[in-house]
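Reading through the structure tokens given below for one structure.
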Amino acid sequence: MVVAAEASHEDEAPEYYEHSIWPVLVAVATGIGLTGLFFLTRGLSFLPNGLLLGFYAGLLMVVAAVAILIGFLYSDTKNWSSALSKLGRLPKDMIGSFPVDINMTIQIIIFTELLLFGGAFGMYFAIRERFAFWPPPGTPILDDSIARVQTLVLISSSVLIEWAIWQLKRGKMNAFKVGLLGTTILGALFPVLQLGFEWPHLILDKILTPTTNLFGATFFLLTGIHGAHVLVGVIAYCYTAVRAFMGQYSPENHGFVEASSTYWHFVHIIWLFLFALMFQGSFR
Amino acid sequence: MKLEDFGTFVIFTAVYAAGTLGLPHFSLLAYQVKIGEIPTAFVAVFGMPAVFGLTLGQFIADIGFESSPLVMISPAVSFLGLLVVYYARKTSTLAGCIVYIAITSIWLSFMLPAVNGTPVVVAAYSALAGQFAAVIIGYLAYQIVVKKMLPQKTEPSTQH
Chain A
2 MVVAAEASHE
12 DEAPEYYEHS
22 IWPVLVAVAT
32 GIGLTGLFFL
42 TRGLSFLPNG
52 LLLGFYAGLL
62 MVVAAVAILI
72 GFLYSDTKNW
82 SSALSKLGRL
92 PKDMIGSFPV
102 DINMTIQIII
112 FTELLLFGGA
122 FGMYFAIRER
132 FAFWPPPGTP
142 ILDDSIARVQ
152 TLVLISSSVL
162 IEWAIWQLKR
172 GKMNAFKVGL
182 LGTTILGALF
192 PVLQLGFEWP
202 HLILDKILTP
212 TTNLFGATFF
222 LLTGIHGAHV
232 LVGVIAYCYT
242 AVRAFMGQYS
252 PENHGFVEAS
262 STYWHFVHII
272 WLFLFALMFQ
282 GSFR
Chain B
695 MKLEDFGTFV
705 IFTAVYAAGT
715 LGLPHFSLLA
725 YQVKIGEIPT
735 AFVAVFGMPA
745 VFGLTLGQFI
755 ADIGFESSPL
765 VMISPAVSFL
775 GLLVVYYARK
785 TSTLAGCIVY
795 IAITSIWLSF
805 MLPAVNGTPV
815 VVAAYSALAG
825 QFAAVIIGYL
835 AYQIVVKKML
845 PQKTEPSTQH
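Line by line, the protein sequences give chains A and B.
Per the working numbering, the first sequence starts with residue 2, numbered consecutively.
Per the working numbering, the second sequence starts with residue 695, numbered consecutively.
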């Protein structure tokens with residue numbers, strides 16, 4: 002899919018174009034997938050036997066969306082291999098800016114995330130200011146032992162990915178792969194702890210749900226948004242790991258690894274604020 | 695600070711914030727030692743990302759404690775102290791650490807009585823002892839890392 006136009010002069014850098022249907026398909030898949038999820042959870046009450054039909058329609062949509070996304074990942078991964086082999090024949094100064102400036106991309110992503118979490122924390126403080134006592138009376142005192150383990154998991158994963166990148170820059174690919182795999186596993190542990198232990202413990206034992214009071218609502222909203230971002234980070238690391246084991250990174254070409262780690266560190270820092278505000282600050 | 699230093703920045707932030715909030719202070723004789731202060735000397739190795747990281751870490755930890763608005767000035771005071779450690783790194787990291795201990799202890803001696811009502815002498819004594827213990831433990835660890843792990847620069851021979 003990457004087409005190199007012939008340069009008219011030998012000393013001029015050739016131009017590169019990328020023609021791809023995948024951005025459109027991924028956008029459509031996202032729309033279909035979200036609609037499918039809506040149908041799965043709500044059903045289609047306006048059809049005969051609506052609930053059942055809605056469920057199957059929703060399921061079909063989600064499956065179609067997942068299939069498109071898998072197709073994209075497969076195609077993209079395959080293309081990167083050929084793109085990198087082409088890169089091997091390019092002058093060195095072309096590598097940093099090809100195919101896009103990944104540093105600029107990740108900076109834009111981080112900026113938009115800052116706006117999102119800034120708004121979410123702003124909402125939290127605005128609600129909190131309306132109460133003389135926070136958390137409101139009747140809120141169960143949170144047990145932060147699982148949150149401490151989650152913090153430890155994130156610190157370990159951040160240190161491990163930095164170590165992995167350091168090894169990659171030194172050309173020690175096996176150590177890099179071990180570090181990347183370890184980071185992915187530690188990253189995956191975070192949502193497991195959150196969805197498997199922490200939230201069930203809060204909901205079932207402490208009887209803290211999003212409908213308990215405004216503290217419960219903001220707690221689950223903020224930790225939920227953060228948890229979704231952690232999941233995205235884990236998916237990015239899985240993808241990075243697959244490409245690493247396909248031999249698609251080198252000391253000169255590892256922009257996606259750096260970008261994934263920057264995103265991960267950002268998610269980590271947001272967790273520190275959540276840990277301080279939700280688990281510590283609210284109950285002192 | 696470059697984007698590739700972001701990881702170092704976040705790790706130092708996490709070590710301070712989680713070390714202060716997540717781990718209990720440990721006692722050395724009668725004094726409380728803040729685990730978050732231990733990495734101070736490592737500013738000499740990791741540079742400005744560590745300075746900013748430790749400062750943000752302290753800010754997050756102070757949000758967690760949220761005892762008084764006065765406490766929120768502490769990160770700015772620590773930032774000044776950390777800058778001293780950073781700029782003194784080529785001359786003497788130990789001297790930088792001692793200045794850091796002095797700056798933060800003086801601030802704590804003023805802040806703790808205002809926030810908690812602790813007698814000034816007690817606050818000054820415990821702040822100085824606690825800061826000294828934490829930073830010197832970190833300095834010893836820094837010495838081990840520098841001597842054993844980091845590649846040493848070969849000094850040009852002075853013999854003729």
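For every residue, glycine included, the Cβ atom is placed at its ideal position computed from N, Cα and C.
Model, not experiment: these values are computed from the prediction.
Sequence-distant residues of the same chain with beta carbon closer than 8 angstroms to residue i, five excluded per side
{"i": "B:Val856", "result": "Nothing about residue 856 of chain B can be reported from this structure: the residues present for chain B run from 695 to 854 only."}
{"i": "A:Ser157", "result": "Leu187"}
Under 7 angstroms from the C-beta of residue i: neighbouring residues of chain A
{"i": "B:Val704", "result": "Ser159, His266, His269 and Ile270"}
{"i": "B:Phe700", "result": "Thr263 and His266"}
{"i": "B:Ala915", "result": "Because chain B is modelled from 695 through 854, residue 915 of chain B falls outside the range shown and cannot be assessed."}
Buried or exposed (CB count within 10 angstroms, at least 16 for buried), residue i
{"i": "A:Thr184", "result": "buried"}
{"i": "A:Pro138", "result": "exposed"}
{"i": "A:Arg244", "result": "buried"}
{"i": "A:Glu199", "result": "buried"}
{"i": "A:Leu294", "result": "Residue numbering for chain A in the displayed model covers 2 to 285; residue 294 of chain A lies beyond these limits and cannot be assessed."}
{"i": "A:Tyr75", "result": "exposed"}
{"i": "B:Gln752", "result": "buried"}
{"i": "B:Thr707", "result": "buried"}
{"i": "B:Asp756", "result": "buried"}
{"i": "A:His20", "result": "exposed"}
{"i": "B:His854", "result": "Low local confidence applies: a pLDDT of 44 at B:His854 is under 50, so the model's placement there is unreliable, with the coordinate-based value given in what follows. Result: exposed."}
{"i": "B:Pro743", "result": "buried"}
{"i": "B:Val745", "result": "buried"}
{"i": "A:Ser146", "result": "exposed"}
{"i": "A:Ile109", "result": "exposed"}
{"i": "B:Met805", "result": "buried"}
{"i": "A:Phe40", "result": "buried"}
{"i": "B:Ile838", "result": "exposed"}
Proximity below 8 angstroms, CB of residue i to CB of residue j
{"i": "A:Trp265", "j": "A:Ile162", "result": "yes"}
{"i": "A:Leu169", "j": "A:Val235", "result": "no"}
{"i": "A:Leu38", "j": "A:Val64", "result": "no"}
{"i": "B:Leu715", "j": "A:Gln195", "result": "no"}
{"i": "A:Ala127", "j": "A:Ile226", "result": "no"}
{"i": "B:Trp801", "j": "B:Val829", "result": "no"}
{"i": "A:Leu182", "j": "A:Ala242", "result": "yes"}
{"i": "B:Ser768", "j": "B:Val809", "result": "no"}
{"i": "A:Thr140", "j": "A:Phe216", "result": "yes"}
{"i": "A:Leu232", "j": "A:Pro192", "result": "yes"}
{"i": "A:Ser251", "j": "B:Gly701", "result": "no"}
{"i": "B:Val878", "j": "B:Ala827", "result": "Shown here, chain B extends from 695 to 854; a query on residue 878 of chain B therefore has no answer."}
{"i": "B:Ser803", "j": "B:Ala782", "result": "no"}
{"i": "A:Leu275", "j": "A:Thr224", "result": "yes"}
Interface partners of residue i on chain B, CB under 7 angstroms
{"i": "A:Arg149", "result": "Gly716"}
Interface partners of residue i on chain B, CB under 8 angstroms
{"i": "A:Ile156", "result": "Ile705, Ala708, Val709 and Ala712"}
{"i": "A:Glu253", "result": "The premise fails here: A:Glu253 is roughly 14 angstroms from chain B at the closest Cβ pair, so nothing lies under 8 angstroms."}
{"i": "A:Ala277", "result": "Ala711, Leu715, Ile754, Ala755, Ile757 and Gly758"}
{"i": "A:Gln281", "result": "Leu715, Gly758 and Phe759"}
{"i": "A:Glu163", "result": "Gly701, Thr702 and Ile705"}
Residue i versus the options, residue with shortest Cα-Cα distance
{"i": "B:Leu834", "options": "B:Ala744, B:Ile732, B:Val771 and B:Thr702", "result": "B:Ile732"}
{"i": "B:Thr798", "options": "B:Val809, B:Tyr780 and B:Gly824", "result": "B:Gly824"}
{"i": "B:Val840", "options": "B:Val739, B:Val814 and B:Val727", "result": "B:Val739"}
{"i": "A:Thr152", "options": "A:Ile142, A:Ile22, A:Ala277 and A:Ser21", "result": "A:Ala277"}
{"i": "A:Gly172", "options": "A:Gly248, A:Pro192, A:Ser21 and A:Ala127", "result": "A:Gly248"}
{"i": "B:Asp676", "options": "A:Gly225, A:Gly217, A:Thr263 and A:Ile226", "result": "Nothing can be reported for residue 676 of chain B: it is not among the residues displayed for chain B, which extend from 695 to 854."}
{"i": "A:Phe73", "options": "A:Glu114, A:Leu26, A:Val150 and A:Ile208", "result": "A:Leu26"}
{"i": "A:Asn214", "options": "A:Leu41, A:Leu116 and A:Tyr125", "result": "A:Tyr125"}
{"i": "A:Leu190", "options": "A:Thr212, A:Ala176, A:Val150 and A:Ala165", "result": "A:Val150"}
{"i": "A:Phe220", "options": "A:Met105, A:Leu54, A:Trp135 and A:Leu41", "result": "A:Trp135"}
{"i": "A:Ile22", "options": "A:Thr36, A:Asp77 and A:Gly119", "result": "A:Asp77"}
{"i": "A:Lys207", "options": "A:Met174, A:His269, A:Asp144 and A:Tyr57", "result": "A:Asp144"}
{"i": "A:Glu253", "options": "A:Thr212, A:Ala148, A:Met174 and A:Gly180", "result": "A:Met174"}
Under 8 angstroms by beta carbon: chain A residues contacting residue i
{"i": "B:Leu806", "result": "Correct list: empty, because the minimum Cβ distance to chain A is about 16 angstroms."}
{"i": "B:Leu697", "result": "Asn104, Ile107, Gln108, Glu259 and Thr263"}
Own chain partners of residue i with C-beta closer than 7 angstroms, once the 5 adjacent residues on each side are dropped
{"i": "A:Ile204", "result": "Thr210"}
{"i": "A:Lys93", "result": "Summary for A:Lys93: the model assigns pLDDT 43, below 50, so the residue's position carries little reliability; its value from the coordinates is reported in the next sentence. Here the set comprises nothing."}
{"i": "A:Pro24", "result": "none"}
{"i": "B:Leu788", "result": "Tyr833"}
Chain-order list of residues whose beta-carbon lies under 6 angstroms from that of residue i (same chain, five-residue window excluded)
{"i": "A:Ala66", "result": "Ala30, Ile33 and Gly34"}
{"i": "B:Tyr836", "result": "Ala735 and Phe736"}
{"i": "A:Ala237", "result": "Ser261"}
{"i": "B:Gly775", "result": "Tyr794, Ile797 and Thr798"}
{"i": "A:Leu70", "result": "Ala30"}
{"i": "B:Ile729", "result": "Gly713 and Leu717"}
{"i": "A:Lys178", "result": "Ala245"}
{"i": "B:Leu822", "result": "Ser799"}
{"i": "B:Met766", "result": "Asp756"}
{"i": "B:Leu750", "result": "Thr707"}
{"i": "A:His230", "result": "Val268"}
Cβ of residue i within 8 angstroms of any chain C Cβ
{"i": "A:Leu273", "result": "The chain labelled as chain C is not found among the protein chains of the depicted structure, namely A and B."}
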